[in-house]
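A.B. asks:
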Amino acid sequence: MLDKYLSFKEEVAVALKENRPVVALESTIISHGMPYPKNVETALKVEKIIRENGAVPATIAILDGKLKVGLTGEEIESLGKKGEDVIKTSRRDIPFIIAGKKDGATTVAATMIIAKLAGIKVFATGGIGGVHRGAETSFDISADLEELSNTDVAVVCAGAKSILDIGLTLEYLETAGVPVIGFGVDELPAFYTRKSGFNVDYNIDSPEMIAAMLKAKWDLNLHGGVVIANPIPEEFAMDYDTINGAILEAVKESHEKGIKGKDSTPFLLAKVKEITGGSSLDANIELVYNNAKVGAQIAVELSKLV
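Position 264 of the sequence shown, counted from 1, bears residue number 313 in this note's numbering, the numbering being contiguous throughout.
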């Protein structure tokens, strides 16, 4: 039945059949996360880094109503050029995009769903969504967290996006039973910065150990994902006070303009980029590269255990 919906790039299909390591990648970062042509350049380099570290990249999107597992260079270019004209797609949007034969750029939640359907266990991205600041009154909580509580995919990221309420995000993940691993760090990184003031559940700096933990978790049918929080490299990290000041200013403006729901994150990230003179975009790119490298290393180790 899934053949009706899933379409695999040949390289990815062969790798999965041969039990070689594959790393899933989202496509919202291409369409909504960066301007063209920087988005395309970044997406192609991320795929290159994954290959250099021994795994096969599978950028995921929905094109003409098909769940695409692995994109060609031309498809990535097309997504990058269309930008925000492509529908930002989370769990609730997938059936609509398929039925309407539309194009959709997948968020963390949607990418996890399609990766699981395809049999991919490791996914590298920028940062996960979470509980937004002020959620105690707005109830603005990313679908990424619900997906992490249910879907058996490990997500390598630079922690939670720093525009969020990180403390409440961690509380939500704890309640949902989602392990939060710091890759060689005790403190959860906050996307642009290496520190947040909140501790992770476990500090593990070995891809081999993380792979063993993932296998044990899923062998025992302890369903749900794992957050592997990999801090931005020190040389690219932004000053905590600078970035937090920019975020507070961006959040204030989003409230004044009544921006809510799926429009919140793109607006806030764009505003922070504007306030920081573009340095936040440079940091964003470098942390994605770093996550791709670690994601590939974990996928390689996990493929040895299956």
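All C-beta atoms in this analysis are idealised placements derived from N, C-alpha and C, irrespective of residue type, glycine included.
Expressed to the nearest angstrom, what Euclidean distance is found between the alpha-carbon atoms of G122 and G129?
C.D. replies: Position 73 of the sequence shown, counted from the first residue, corresponds to residue 122. Position 80 of the sequence shown, counted from the first residue, corresponds to residue 129. Each residue's Cα considered, the two are about 11 Å apart.
A.B. asks: By alpha-carbon positions, which one of G82, L120, L317 ends up nearest to L55?
C.D. replies: As a position in the sequence shown, residue 55 is number 6, starting the count at 1. Residue L120 is the option with its Cα nearest to L55.
A.B. asks: If we call anything under 9 Å between Cβ atoms a contact, is A159 one with G153?
C.D. replies: Taking the sequence shown and counting its residues from 1, one reaches residue 159 at position 110. Taking the sequence shown and counting its residues from 1, one reaches residue 153 at position 104. Yes; because the gap between Cβ atoms is below 9 Å, this pair is in contact.
A.B. asks: Which partner residues does A209 have in the DSSP bridge list?
C.D. replies: What you label residue 209 is simply residue 160 of the sequence shown in a count that begins at 1. Its beta-bridge partners are I177.
A.B. asks: Roughly how many whole angstroms lie between the Cα atoms of D268 and Q346?
C.D. replies: Indexing the sequence shown from 1 puts residue 268 at position 219. Indexing the sequence shown from 1 puts residue 346 at position 297. Taking the straight line from one Cα to the other gives about 21 Å.
A.B. asks: Do you know whose CA, among K266, L219, E96, V300, lies nearest G179's CA?
C.D. replies: Here residue 179 is taken as the residue at index 130 of the sequence shown, counted from 1. It is L219.
A.B. asks: Can you give me the start and stop residues for the beta strand (DSSP E) that F232 sits inside?
C.D. replies: Position 183 of the sequence shown, counted from the start, is the residue given in the question as residue 232. Start and end: 229-232.
A.B. asks: How would you call L51, buried or exposed, if buried means at least 16 neighbouring beta carbons within 10 angstroms?
C.D. replies: Within the sequence shown, the letter at position 2 stands for residue 51. L51 should be labelled exposed.
A.B. asks: So, for T174: in the same chain, excluding its five sequence neighbours on each side, which residues have a beta-carbon less than 8 Å away from its beta-carbon?
C.D. replies: Locating residue 174 in the sequence shown gives position 125, where the first residue counts as 1. Within the same chain, T174 has close Cβ partners L74, E75, I78, V157, T160, V204, V205, C206, V337, N340.
A.B. asks: Indicate the three-state DSSP secondary structure (helix, strand or coil) for T186 in the structure shown.
C.D. replies: Here residue 186 refers to the residue found at position 137 when the sequence shown is read from its first residue. If DSSP states are grouped into helix, strand and coil, T186 belongs with the helices.
A.B. asks: Would you say Y241 and I292 are within 9 Å of each other, going by their C-beta atoms?
C.D. replies: Numbered from 1 along the sequence shown, position 192 holds the residue referred to as residue 241. Numbered from 1 along the sequence shown, position 243 holds the residue referred to as residue 292. Their beta carbons are under 9 Å apart, which means Y241 touches I292 by this criterion.
A.B. asks: Which class does E236 belong to by DSSP, given the choice of helix, strand or coil?
C.D. replies: Here residue 236 is taken as the residue at index 187 of the sequence shown, counted from 1. E236 falls in the strand class under three-state DSSP.
A.B. asks: Pick out whichever of T155, P280, S211 has its Cα sitting closest to the Cα of I109.
C.D. replies: Counting from one through the sequence shown, the residue named residue 109 turns up at place 60. Nearest option by C-alpha distance: T155.
A.B. asks: Enumerate in chain order the residues of its own chain whose CB-to-CB distance from L197 is below 6 Å, with the five nearest sequence positions on each side excluded.
C.D. replies: One-based indexing of the sequence shown puts residue 197 at position 148. So the qualifying residues of the chain are V227, G274.
A.B. asks: Contact between the stretch 188-202 and the stretch 229-244 is defined here as three or more beta-carbon pairs at a separation below 8 Å; is this criterion met?
C.D. replies: No, the stretch 188-202 is not in contact with the stretch 229-244.
A.B. asks: Leaving out five residues before and five after S352 in sequence, what residues of the same chain have Cβ atoms less than 7 Å from its Cβ?
C.D. replies: Residue mapping note: residue 352 aligns to position 303 of the sequence shown, counting from 1. Correct list, in chain order: N68, R69, P70.
A.B. asks: Taking Cβ to Cβ, would you say V135 is nearer than 9 Å to A107?
C.D. replies: As a first step, residue 135 must be located in the sequence shown, where it is residue number 86. As a first step, residue 107 must be located in the sequence shown, where it is residue number 58. No.
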